[in-house]
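Visitor: Protein chains in written order, with my numbering: chain A, 75 to 369; chain B, 814 to 1457.
Glycine included, each C-beta is placed from N, C-alpha and C at the ideal position.
The structure is reproduced here in structure tokens:
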């Protein structure tokens, strides 16, 4: 039985007009499509500054020198090529839901990779669970999309989430700042906010894509339950009634709100997506509204 | 206090089953289910942990107890728990109304049926209004006219619409039916009330020596004088087929001897009259003879005026006596005249061969020793046809031979015993498939019959010119031949007039059961049984029934009303007379409404306290109300406070 593709071709055609957008200014070589506050060899005039020894003589404003007898250097605005890194949660907690959060995350990652490839951005996909796995870099245009699909299709959910280890490895392996997209349910026994804050402190712009299934937010069961954590195997016995269900939902919403505040506090963005949302609607809806992608 | 709908054992069994089911569902609902979740952090946050212990213990006993009490109350409502004792409730009675033919007898201006209706109404007035009554009409068949009713108008209508039938009362079956109905359908068994004259058959009177103890007999006085026709039988004697022998049986049902004339009419013309004297309770027969071949209506009448005129007259339809016409073409008619004259109902016309017609004005044609110009178009008997003229191929001519075998198992050879009869010359025929060899020599059949639409028999010799003319076989052979060719002419008729009910007809030993048929008017089949040589059938309405058994036809004109000859004297333990009034039962309390309301209320309360209803109420966040409701448990109060 042939495996069903993660993304339909018709959807890919709609993604052609989108661009991954970041808000912060990053230094880098020219070739990107988002303007930066850093000057460089661009075409758009940005500012003047005093000439210092070692500056490029070609950028001296000779007209100003003739008039003021001082050396001023013309600075130009550049659109640097910024690395985009996509962290994909493949822990066991991503397996529940219908469709599963894991499948939904892979489809979303594939869509973002395709958008990046179309715009000749460089994007690397790094799965993670209890540690950060090897990145899969992809660049060079849309014809390089097939390897990305193969890579995503070959992923299997495993392990328990450990954001501290992930953040530590990520920061040490990626000194160049850029856009950091994390697609996850952020369900870590330890608090995930500190590791994310750590990565943001290193200058990465974070885009938190929060996935949840309906049962993650509103448990459908009632009565006496033996709950088992799918990642740790820990068990909990509870009596679930409407009151408890309401308290649970409130706790979940508080958690989502904290994630959003974390992203906003660091100049990043937060997108919450229930997996019942069609992937096309998610891209052109919540992701577009937060300007994670722009048309 | 007692249960009306269920016995105590049934109630306890159902309650136990329901309680077990509720307990199982309760434990199942409270049992823990394992559920795999992506994280436990939010569950801990919601702070709804419960102790791990007492996993299978009843955790909300009050909920379970309330459910069981509610179910028990609802079940008690279904079982109709009542105050008082069962003896103090209303009873169910069966009123058996005699609608036999005898109830049409008159006493003065009214009939016995009028008296029975009046008696039934009088008894009905004495019965308490809460008692239920079923009206049953009884003659030979038992027909309920109503169900168990308390509505007196319906019962009075059923009594008023009861009419005498044509059959006699089958009291034994009526009592058995009433007992069975009371046992199966009555809430509390009452009385079986018989409103009847008590005329039953003598066998039934013997069988009714013992009856149920709850039988009450209200006799309809029937001390009247009556004589009636019991049975009429007609048949033609074997010696003279033109005469009807008529047997009439008359019975005196009264208490005094009666002398009365019996008159007979055929076609409205007097056909005979006798005067007979019949003693009380006796039966006497009188015989008439009447000569006629014609069809018509024969009426027998008792010239008297009595209380029951319906059985003083009977009418039967007599069939015509048909004659078999035979056209004999022969040069020597004197040879055949004796054998044809020996068979009654045969009218032979002797003609010369020159007068031959293929289709003469006859039923059978006899062709004696000549070649006809054209083959006959009706059934034909060929006697020693000339060579080449026989309708059946001649194999050979056998000289100085003798008859060796007769086909005695067929009606053509029935009774033929002559053996070793010498024949100077006989044609031997080649039989085809289906042909019947009546007589054979060593060379083959010399008398051959061919069935079909046009029956044909050929005799290869002249029986009156051979030694056979001295044998009894010869007239028998001709009689058999004529009988085979036209069986309907020789059918034997018997006519009987009787009464409706079960009729038994004795059958002869050689009767083929598969050839027997019983039909009523319009040739509608009537169910019948044959057992030990006796055919029995039943008809409940006056009608004419024909019993066909081969060549015999018995016609029953079942138009006489059936009057039983015996009187039933009830045993001493049987209640008689109409009581002045039955003891009215004090009203027993109906509790089922209150029980149903209480059960439903308790279940509703349980649902509100422990079920989904309570959760819905909790979301209203009306903690103030919760504090003001003292009967709500502390757990519920805490929940409401938290919600507020």
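(1) Tell whether a beta-carbon distance below 8 Å holds between residue 1160(B) and residue 1138(B).
(2) Helix, strand or coil for residue 1278(B) per DSSP?
(3) Quick test of your reading: residue 1045(B) and residue 1030(B), contact by CB under 8 Å. State the CB separation rounded to the nearest angstrom.
(4) So what does DSSP say about residue 240(A), is it helix, strand or coil?
(5) Taking the alpha carbon of residue 1367(B) as the reference point, which residue from 1308(B), 1315(B), 1313(B) has its own alpha carbon closest?
(6) Which one or two residues does DSSP pair with residue 1040(B) in a beta bridge?
(7) Could you name the residues of the region 175–186 of chain A whose beta carbon sits closer than 7 Å to any beta carbon of chain B, in the order they occur along the chain?
(8) Could you tell me which chain A residues have their CB closer than 7 Å to the CB of residue 852(B), listed as they occur along the chain?
(9) Using 8 Å for Cβ pairs, my map puts residue 884(B) next to residue 840(B). What's the rounded Cβ distance?
(10) Taking residue 847(B) as the query, report the chain A residues whose CB atoms sit under 9 Å from its CB, ordered along the chain.
(11) On the DSSP bridge list, what partners appear for residue 1003(B)?
(12) Quick one: what's got a C-beta closer than 6 Å to residue 301(A)'s C-beta in the same chain, skipping five residues either side?
(13) Is the CB of residue 325(A) under 8 Å away from at least one CB in chain B?
(14) If you follow the alpha helix (DSSP H) that residue 1412(B) is in, where does it begin and where does it stop?
(15) Could you check where the beta strand (DSSP E) with residue 951(B) kicks off and where it finishes?
(16) State the Cα-Cα distance for the pair residue 1147(B) and residue 1083(B), rounded to the nearest angstrom.
(17) Going straight from the alpha carbon of residue 1104(B) to that of residue 1179(B), what length do you get?
(18) For the candidate residues 1136(B), 1164(B), 1131(B), 1129(B), whose alpha-carbon lies nearest to that of residue 1142(B)?
(19) Can you check whether the C-beta of residue 1423(B) is within less than 8 Å of a C-beta belonging to chain A?
(20) Short check: CB of residue 1234(B) to CB of residue 1290(B), under 8 Å?
(21) For the structure I just gave you, are there three or more beta carbon pairs, one from the region 178–198 of chain A and one from the region 142–150 of chain A, closer than 8 Å?
(22) Taking all protein chains shown into account, decide if residue 1118(B) is buried (16 or more other Cβ within 10 angstroms of its Cβ) or exposed.
(23) For residue 192(A), does the three-state DSSP call read helix, strand or coil?
(24) Is the CB of residue 903(B) under 8 Å away from at least one CB in chain A?
(25) Helix, strand or coil: how does DSSP classify residue 1454(B) here?
(26) Mind pulling the beta strand (DSSP E) runs of 3 or more residues that sit fully within the region 1064–1096 of chain B?
(27) Below 8 Å, how does it come out for the region 323–341 of chain A and the region 351–362 of chain A: are there three or more Cβ pairs, yes or no?
(28) Taking residue 962(B) and residue 945(B) to be in contact with their CB atoms under 8 Å, please state how far apart those CB atoms are, rounded to whole angstroms.
(29) Using beta carbons (cut-off 8 Å, strictly below), is residue 876(B) in contact with chain A?
(30) In chain order, what residues of the same chain lie with their CB nearer than 8 Å to the CB of residue 827(B), ignoring the 5 residues before and after it?
(31) Hey, could you find the ends of the beta strand (DSSP E) residue 1315(B) is sitting in?
(32) Can a CB atom of chain A be found closer than 8 Å to the CB of residue 1420(B)?
(33) Which residue comes first and which comes last in the beta strand (DSSP E) that contains residue 926(B)?
(34) What residues in its chain sit with their C-beta under 7 Å from that of residue 1455(B), if we drop five residues either side in the sequence?
(35) Per the DSSP calculation, residue 148(A) is bridged to which residue(s)?
(36) If you compare alpha carbons, which of 1273(B), 1232(B), 1379(B) is closest to residue 1015(B)?
Guide: Taking the structure as given:
(1) Cβ distance < 8 Å, so residue 1160(B) and residue 1138(B) count as in contact.
(2) Under the three-state reduction of DSSP, residue 1278(B) is assigned to coil, being neither helix nor strand.
(3) The Cβ separation is near 35 Å, so there is no contact.
(4) Helix.
(5) Among 1308(B), 1315(B), 1313(B), the Cα nearest to that of residue 1367(B) is on 1308(B).
(6) Here residue 1040(B) is bridged, per DSSP, to 1065(B).
(7) Per Cβ criterion, the list is empty.
(8) By Cβ distance, chain A contributes 167, 261, 303.
(9) Their Cβ separation, rounded to whole angstroms, is 16 Å, which puts residue 884(B) and residue 840(B) out of contact at 8 Å.
(10) Per Cβ cutoff of 9 Å: 299, 300, 301, 302, 309.
(11) Under DSSP, residue 1003(B) forms no beta bridge with any residue.
(12) For residue 301(A), where only same-chain residues beyond five positions count, the Cβ hits under 6 Å are 310.
(13) True, the Cβ-Cβ gap to chain B drops below 8 Å.
(14) DSSP places residue 1412(B) in the uninterrupted alpha helix (DSSP H) bounded by 1405–1423.
(15) Where residue 951(B) is concerned, the enclosing beta strand (DSSP E) stretches over 945–951.
(16) Residue 1147(B) and residue 1083(B) have their alpha carbons spaced roughly 42 Å apart.
(17) Spanning the two alpha carbons is a distance of roughly 31 Å.
(18) Checking every option, the nearest Cα to that of residue 1142(B) belongs to 1164(B).
(19) So, not an interface residue.
(20) No. Outside cutoff.
(21) Touching, no, given that fewer than three Cβ pairs across the two stretches are closer than 8 Å.
(22) When all chains shown are included, residue 1118(B) counts as exposed.
(23) The answer is helix: DSSP assigns residue 192(A) an H, G or I state.
(24) Not closer than 8 Å to any Cβ of chain A, the Cβ of residue 903(B) fails to qualify, so no.
(25) In this prediction, residue 1454(B) has a pLDDT of 45, which is less than 50 and means its spatial position is unreliable; nothing more can be read from the coordinates.
(26) 1071–1079, 1082–1091, all fully within the region 1064–1096 of chain B.
(27) No: the two stretches stay apart, fewer than three of their Cβ pairs being nearer than 8 Å.
(28) A Cβ-Cβ separation of about 6 Å places residue 962(B) in contact with residue 945(B) under the 8 Å criterion.
(29) No, because no Cβ of chain A sits closer than 8 Å to the Cβ of residue 876(B).
(30) The beta carbon of residue 827(B) is closer than 8 Å to those of 819, 888 in its chain, skipping five residues each way along the sequence.
(31) Counting along the chain, the unbroken beta strand (DSSP E) around residue 1315(B) starts and ends at 1314–1319.
(32) Judged by the 8 Å Cβ criterion, residue 1420(B) is not in contact with chain A.
(33) Careful: residue 926(B) lies outside any beta strand (DSSP E), inside the alpha helix (DSSP H) at 925–939.
(34) Confidence in residue 1455(B) is poor, its pLDDT being 45 and thus under 50, which makes the residue's placement unreliable; the coordinate value appears in the next sentence. The beta carbon of residue 1455(B) is closer than 7 Å to none in its chain, skipping five residues each way along the sequence.
(35) BP columns for residue 148(A) point to 122(A).
(36) Measuring from the Cα of residue 1015(B), the nearest candidate turns out to be 1379(B).
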